[in-house]
Structure formats: structure tokens, C-alpha cells
Amino acid sequence: MALRTEELMLNMGPQHPSTHGVLRLIVTLDGENITDVQPDIGYLHSSVEKMMEHRTYVQNVALVDRGLDYLIALNNEEAYCLAVETLAGIQPPDRARYIRVVFSELNRIASHLVWLGTWAIDLGATTVFLWCFREREMILDLFEQVTGGRLHHVYFRIGGVYADMPPGWTERCTQFLDYFLPKVDEYDALLTQNPIFLARTKGVGKISRADAIALGASGPVARASGVAYDVRKAAPYEVYDRMAFDVPVLTDGDCYARYLIRLQEMRESVRILRQALRGLPEGEVRTRVPMTMKAPRGEAYVHTESPRGSLGVHIVSDGEETPYRVKIRAPSFSNLYALTEMMKGWKIADVIAILGSIDIVLSDVDR
Amino acid sequence: MSTGFVESPAQAAAQMPPRRSQIAPVAQAVEIMDHIPGGGFILTTVESALNWGRASSIWPLTFGLACCAIEMMAAYASRFDLDRMGVIPRATPRQADLIIVAGRATIKIAPIVRRLWEQMAEPRYVISMGSCATCGGPFYYDNYSILKGIDQVVPVDVYVPGCPPRPEALIEGILKLQEKIKREPILRQQAAALLAR
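Protein chains in written order, with the working numbering: chain A, 1380 to 1746; chain B, -15 to 181.
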């Protein structure tokens, strides 16, 4: 007699310690094997794009901090300010552009540290979490000395940055970089050769180069699959064209490759930071922009390389003080598309490893 | 699709009469103790000992919504180390005493927060962390999706202001909650609640 079997639908989330926020995954299981995964999003939809239509260009800087990816407030501010500057034809001073590079790279390191710590804790390695947050606190201290905030800064302004750095800050930042670079090797020593870690990540959640492109993946997820695309290289903004740095690319396309890419990106960020701090020019940090700034009629699209991928801001202006429409191309949202393809055929226990490896932030997905 | 709301505790209690073994004998003993001379003093001493234990081992649910959750994680991590206060995160509401609502709650997640709160065993506490959870924060105006304050769905014990609050502020909130727990006449409350049923 043949036993009747049927597929099991399993809900993961929205309250789950490993979903990195409030994501619901509808997992269809055949025994232990995953046949399908459908993400259910919208649990953190903050209607930011709509709200931005009712606030002036200057006020919106505070909104992109919180409304988009909250881990990378400065990268969001950078993308938004660049879009408005492109639209209104404002040229920030050279020093401000260097400062922006310094801060967005610091924020990239901080974001990757949170990702590494939380992903490692998902995989059962608690030490990495504590070590990563130890170094992250130092970056937040550096932020605090300049911007006054730990997470939300409102430091970048349209036409530059709010204020210059306090005396001695660049030295403290260099000291931190000297301290930090060996620490990356320590994380390396904890995880890279760890047999349990290897068993859970190596070869798991593969996605091919063609699929990664077709599904719109960007950032470390695409670069781990062999897509050599980094907006900082492909379409340099700020002063990235003056920096010498490498874009790590791997072809395996698995969780392990994504981990290696991010680890290497932290080292590259340190390289960029050293050059930016060395080359910091003297001068003004802000072009005067009136508080009731009006952008000319038209539209502008700017994309930047956020820690999670290509972050784009599209602003449509009808010549008023407020934007007519703002559309944000969120990297986490596009990377989430690739999740279904990555998970098919793997076991239920791999869901956490694969989900963690694409580094989603739900605030970025839902906006 | 289910909205996620389960019936309120009052409704559930009305449908299910309590078994006698649930009420007696502790509730009745407390009731008798409170009425004999000197009994109140002993009861208060026992209560304060119990409350010291409860206040020193608040186990929160690992439940993060938005930005404040990152600061909550920072509070658990190396520098601030909430373990010092006996705050150890639990992954399931069944084992948790406290839910820290960290971040903006949308109308879509609100029933789920309510259900998590209902799944927690009493006595249970709620900390509203950050402006968004307290009143909607920067998402108060011109917004169609954010709940204007989590206290519309669950009762809040301590509000921690900030956007997001620093980990020190969350620690202060937990210390305030400990003070509140230490003042509670827990045995008398439970006895009165049981005997009233």
C-alpha cells in the first residue's frame, strides 16, 4: 500500500530570532527538503516614499536615515543628497566629498560587522557577535564625536556636510584603522577554517551568475556569483575615482563566498579610508543652500554602492520645495528575489544560513 | 486569512471556570495570612524576597522591529552587557517576562505583537523603546502604515524616549522596570485575582 504524502507549508516569522527583522517566509517542505520559499514582506512598511513628498528637500535628509536601511544611515544620506545635488546642479566642496567617502566607508565596515556578528550567532558562533560589536562600538564612538549620533546622524547635507570634524579626529580614526585591520584577521581565524562553519556554508545556497543578474541581485551577493560590478568602480561618485581599491569577486556563488567577499570588503574599506584621510583637502565643507530650497523641474537618478548593493534614488521634481515623487531602489529588496532560487533543494536547517548570507535589512526591503 | 487576534484574556477566563486546585491552597493561605496579626508583615517580607528574584532575572523576548533593535542588540553585546542586570534574551514568548517593543510597529505587525504578548506567561511587562513605539515618532504625520504608539495594542510599563535611545537609556528603562517590579504586592495581587474568579 502506498502511503499518501503531501507537502508541508511552514511559516517562519515574522517573529523569529534569525529573520533579521520582521520577515515572514512561507516555506514549502517535502520532508526536510525545501521545494519553495515565498517571502511575505510589508511588516515594516513605513510609507517613507510617500512621506518624502510632503517634506522639503532639506527635511528629507532626516527621513532617509530612519526610513531606509537603518544600519547604513550615512550611505542613505549620501545617495539622497547626491540625487538632490544632481537635480539642482549643486557642487559640494572637495573636502566635503572626501569626508563623505570617509563616513560612508566607516559605515560600510560597521554594517558588515553587524551582519557578520548576527549571521555567526545564527550559525551558533556567539563569540564572533561579541567581538564584532566590540569593534563596532569604536566606529560609533568616532561617529558620535563628529555627528553627535550613534545610528541616525543627519550629518550629510545637500551641498556638503553639516560641520567639519573636530581637531584630532583624523588621528583617532587612523588609530582605529591600525587597530581594526588585525581584528579582521581574528574573525578570519575564528570562522574561515572552522569545520562546522564550512559544513554549514560551503556549497550551500548556490546561485549562478546568470540567475544573479536575471533576478537583479547586486552588491556582495552578485559579486560572490562572479558579477564584477561595483557602482564605486562602474560609475564613480564622490571621489571614488581618485581612490585605489580592488573589488573582490568570487565565482562560487555560495554562502561561504558571500562571507569571504564581505570580509575582504572590510579590508578594502580600510584601504580607501587610509587614502581618503591622507588626501583630505583643506577648505569649506558646505556650499550654502537655502533652507527653503527649490529644485528645478525635472528628474534625477543616482545610484551608489551601499553595503548591501546598488542603492538608487530617483527624484522627480515639479519645481516646488518638496519632491513630486521619490522612488528608492533598495538593494535588500532586489536581493530578496534571489532568495527563492538560492533555497530550492536545500534542507530546512539551511534556511537560516542562506537567509543570513544575503544580509537583508527589512527596513530597506519594505521602506 | 486570520487577523492574528486571539480572544482577550477576560473572554477566555469567562468561558473556562477555574479548577479548585488552581485557587487553593496558596491563594487562600495568602488571604488568611493577610488578616491575622503580624501576618501582613511576613507576607510583605516574603513578597519582597520574591520580587528581588523576579526583578533580578527579567528575561526579555528577542523581538526587534526596526532601528531601536540594533541599539537593543548593542545593549546585549560587549560594551553594555545587559547580562549584568540578569537580562538574558529568550527566543520564545513562553519563557519571556518582558517584551521590548524596539522600533516602529506597522498596522500589519500590530496583531502579531499583541499575540506575542498574549502568549507570554503572567506577570508580563512591556517596554516601549524609542519614539516610534511610544507615539509614532517621526512617522506620526502624513503616514498611512505606522501605528501611532504600541500602547494601542499592549499595555506599556516603561517608555524609553529617543530616536533611537542609546543603550544606556534602555538600561535605565530596565532599572526603572526593576523598581516597579520590586514594589508590586505580587502574592496579594495573584490571590485576589484568583479568589475573584
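Don't be surprised by glycine CBs; every beta carbon is placed ideally from N, CA and C.
Residue i: CB within 7 Å of a non-hydrogen atom of the ligand FAD
i: His1395 of chain A; result: Only the bare structure without any ligand can be found here, which leaves the ligand FAD out of the picture.
Spatial distance of residue i from residue j (CA atoms)
i: Gly1547 of chain A; j: Thr1553 of chain A; result: 10 Å
i: Arg167 of chain B; j: Pro73 of chain B; result: 24 Å
i: Val1744 of chain A; j: Val1705 of chain A; result: 16 Å
i: Ala177 of chain B; j: Ala105 of chain B; result: 15 Å
i: His1682 of chain A; j: Leu1639 of chain A; result: 24 Å
i: Ala61 of chain B; j: Val1668 of chain A; result: 41 Å
i: Ile158 of chain B; j: Arg68 of chain B; result: 12 Å
i: His1399 of chain A; j: Glu152 of chain B; result: 23 Å
i: Cys51 of chain B; j: Gly121 of chain B; result: 12 Å
i: Val1481 of chain A; j: Ala1655 of chain A; result: 6 Å
i: Pro169 of chain B; j: Glu102 of chain B; result: 22 Å
i: Ala1607 of chain A; j: Arg78 of chain B; result: 47 Å
i: Arg1602 of chain A; j: Arg1637 of chain A; result: 8 Å
i: Thr1701 of chain A; j: Arg1434 of chain A; result: 6 Å
i: Ala1613 of chain A; j: Gly1658 of chain A; result: 22 Å
i: Arg1731 of chain A; j: Gly1496 of chain A; result: Checking the sequence, you will find Ile at residue 1731 of chain A rather than Arg. Distance between the alpha carbons of Ile1731 of chain A and Gly1496 of chain A: 14 Å.
i: Ser1748 of chain A; j: Arg1579 of chain A; result: It is not possible to answer for residue 1748 of chain A, since the shown part of chain A is limited to 1380 through 1746.
i: Leu1382 of chain A; j: Met1388 of chain A; result: 19 Å
i: Ile155 of chain B; j: Asp1620 of chain A; result: 44 Å
i: Gly37 of chain B; j: Met57 of chain B; result: 24 Å
i: Cys1634 of chain A; j: Phe1576 of chain A; result: 10 Å
i: Asp1729 of chain A; j: Met1722 of chain A; result: 8 Å
i: Gly133 of chain B; j: Cys116 of chain B; result: 7 Å
i: Glu1386 of chain A; j: Ser1713 of chain A; result: 28 Å
i: Ser1483 of chain A; j: Gly1527 of chain A; result: 16 Å
i: Pro1472 of chain A; j: Glu1661 of chain A; result: 10 Å
i: Cys119 of chain B; j: Leu1642 of chain A; result: 39 Å
Bridge partners - residue i, DSSP secondary structure assignment
i: Pro1418 of chain A; result: A:Leu1404
i: Ile1707 of chain A; result: A:Val1692
i: Ser1409 of chain A; result: Looking at the sequence itself, residue 1409 of chain A is Asp, so the reference to Ser does not match. Paired residue(s): A:Asn1412.
i: Ile130 of chain B; result: B:Thr90
i: Arg172 of chain B; result: None, per the DSSP bridge assignment.
i: Ser1685 of chain A; result: A:Gly1688
i: Gly1677 of chain A; result: A:Ser1696
i: Phe1535 of chain A; result: A:Val1540
i: Pro107 of chain B; result: Its beta-bridge partners do not exist; DSSP assigns none.
i: Ile83 of chain B; result: B:Leu45 and B:Val110
i: Met1388 of chain A; result: A:Thr1407
Spatial neighbours of residue i in its chain, beta-carbon cut-off 8 Å, leaving aside the 5 residues before and after
i: Thr90 of chain B; result: Ser129, Ile130 and Leu131
i: Ile1725 of chain A; result: This sequence places Trp at residue 1725 of chain A; Ile is not what is there. Excluding sequence neighbours, Trp1725 of chain A sits near Asn1412, Ile1413, Val1583, Gly1584 and Ile1733.
i: Ile54 of chain B; result: Gly48 and Pro148
i: Thr1549 of chain A; result: Leu1656 and Leu1659
i: Arg1646 of chain A; result: Leu1560 and Val1563
i: Ser(-14) of chain B; result: Any answer about Ser(-14) of chain B is weak, because its pLDDT of 42 lies below 50 and its placement is not dependable; what the coordinates show is given next. Contacts found: none.
i: Glu1565 of chain A; result: Trp1510
Cβ neighbours of residue i in the same chain (closer than 6 Å, five flanking residues each side left out)
i: Asn1664 of chain A; result: Note that residue 1664 of chain A corresponds to Val in the displayed sequence, not to Asn. So the qualifying residues of the chain are Arg1474, Ala1475, Gly1539, Val1540 and Asp1543.
i: Ser1711 of chain A; result: Arg1687, Ile1739, Val1740, Asp1743 and Val1744
i: Thr1719 of chain A; result: Val1416
i: Thr1465 of chain A; result: Ala1679 and Val1681
i: Trp1498 of chain A; result: Gly1735
Residues near residue i by beta carbon distance below 7 Å, same chain, minus five either side
i: Ala80 of chain B; result: Trp43, Pro44, Leu45, Arg74 and Met104
i: Arg1479 of chain A; result: Glu1457, Phe1535, Val1540 and Glu1617
i: Leu165 of chain B; result: One point to set straight first is that residue 165 of chain B is Ile, not Leu, in the sequence displayed. These residues qualify, in order along the chain: Asn35, Arg38 and Ala39.
i: Leu1556 of chain A; result: Val1649, Leu1652 and Arg1653
i: Tyr1477 of chain A; result: Val1618, Ala1655, Gly1658, Leu1659 and Pro1660
Practice item. Determine which residues of the region 1444 to 1472 of chain A have a Cβ less than 9 Å from any Cβ of chain B, and write them out in chain order. Key: So the close ones are Asp1444, Arg1445, Gly1446, Tyr1449, Leu1450 and Ala1452.
Review point. According to a CB-to-CB cut-off of less than 7 Å, which residues of the region 28 to 62 of chain B neighbour chain A?
Key: From the region 28 to 62 of chain B, only Thr46, Phe47, Gly48, Leu49, Ala50, Cys51, Ile54, Glu55, Ala58, Ala61 and Ser62 have a Cβ closer than 7 Å to chain A.
Point to revise | the region 1532 to 1540 of chain A in contact with the region 1439 to 1454 of chain A per 3-pair CB rule at 8 Å | key: Between the region 1532 to 1540 of chain A and the region 1439 to 1454 of chain A, the count of C-beta pairs closer than 8 Å reaches three or more; the two stretches touch.
Check your understanding: Taking any Cβ of chain A, which residues in the region 147 to 172 of chain B have a Cβ under 9 Å from it, in chain order?
Key -> Within the region 147 to 172 of chain B, the qualifying residues are Cys147, Pro148, Arg150 and Pro151.
**Study point:** the region 1506 to 1524 of chain A / the region 1438 to 1446 of chain A touching (three or more Cβ pairs under 8 Å)
**Key:** Per the Cβ contact rule, the region 1506 to 1524 of chain A is not in contact with the region 1438 to 1446 of chain A (fewer than 3 Cβ pairs under 8 Å).
Point to revise | Chain-ordered residues of the region 1473 to 1495 of chain A with a beta carbon less than 8 Å from chain B | key: Going along the region 1473 to 1495 of chain A in chain order, one finds Val1493 with a Cβ nearer than 8 Å to chain B.
Practice item. Taking only beta carbons into account, state which residues of the region 106 to 127 of chain B come closer than 9 Å to chain A, listed in chain order. Key: Those residues of the region 106 to 127 of chain B placed with their C-beta closer than 9 Å to a C-beta in chain A are Cys116, Gly121, Pro122, Phe123, Tyr125, Asp126 and Asn127, ordered along the chain.
Practice item. Select from the region 73 to 89 of chain B all residues with a C-beta closer than 7 Å to any C-beta belonging to chain A, and list them in chain order. Key: Within the region 73 to 89 of chain B, Ala75 and Arg88 place their CB atoms closer than 7 Å to a CB of chain A, listed in sequence order.
**Study point:** Under 7 Å (Cβ pairs) to chain A, residues found in the region 89 to 103 of chain B
**Key:** Shown in chain order are the members of the region 89 to 103 of chain B whose Cβ falls below 7 Å from a Cβ of chain A: Thr90, Lys92, Ile93, Ile96 and Leu100.
Check your understanding: Any contact of the region 1690 to 1704 of chain A with the region 1622 to 1632 of chain A, i.e. 3+ C-beta pairs under 8 Å?
Key -> The region 1690 to 1704 of chain A vs the region 1622 to 1632 of chain A: no contact.
Exercise for review: Decide yes or no for the touch test of the region 1589 to 1608 of chain A against the region 1673 to 1691 of chain A: beta carbon pairs closer than 8 Å, at least 3 of them.
Suggested key: Yes, the region 1589 to 1608 of chain A is in contact with the region 1673 to 1691 of chain A.
Exercise for review: With 8 Å as the C-beta to C-beta threshold (strictly closer), list the residues of the region 1542 to 1565 of chain A near chain B in chain order.
Suggested key: Contact residues of the region 1542 to 1565 of chain A toward chain B are absent (C-beta to C-beta distance below 8 Å).
Point to revise | chain B contacts made by the region 1509 to 1534 of chain A, where a contact means CB separation under 7 Å | key: Correct list: Leu1509, Phe1512, Arg1513, Glu1516, Arg1529, Leu1530 and His1531.
Check your understanding: Do the region 112 to 121 of chain B and the region 132 to 146 of chain B make contact, defined as three or more Cβ pairs closer than 8 Å?
Key -> With the cut-off at 8 Å, the region 112 to 121 of chain B and the region 132 to 146 of chain B touch.
**Study point:** the region 1488 to 1497 of chain A touching the region 1510 to 1518 of chain A, judged by at least three CB pairs closer than 8 Å
**Key:** At 8 Å Cβ cutoff, the stretches touch.
**Study point:** Where the region 1415 to 1437 of chain A meets chain B: residues whose CB sits under 9 Å from a CB there
**Key:** Those would be Gly1421, Tyr1422, Leu1423, His1424, Ser1425, Ser1426, Val1427, Lys1429, Met1430, Glu1432, His1433 and Arg1434, in chain order.
Check your understanding: In the region 6 to 20 of chain B, which residues sit with their C-beta less than 9 Å from some C-beta in chain A, listed in chain order?
Key -> Against chain A - using a Cβ distance shorter than 9 Å - the region 6 to 20 of chain B contributes no residues.
Practice item. Would you list, in chain order, the members of the region 1719 to 1743 of chain A that have their beta-carbon closer than 7 Å to a beta-carbon of chain B? Key: Listed in chain order, the positions of the region 1719 to 1743 of chain A with a beta carbon within less than 7 Å of a beta carbon of chain B are Ser1742.
**Study point:** Interface residues of the region 1392 to 1411 of chain A facing chain B [CB-CB below 7 Å]
**Key:** Shown in chain order are the members of the region 1392 to 1411 of chain A whose Cβ falls below 7 Å from a Cβ of chain B: Pro1393, Gln1394, Pro1396, Gly1400 and Val1401.
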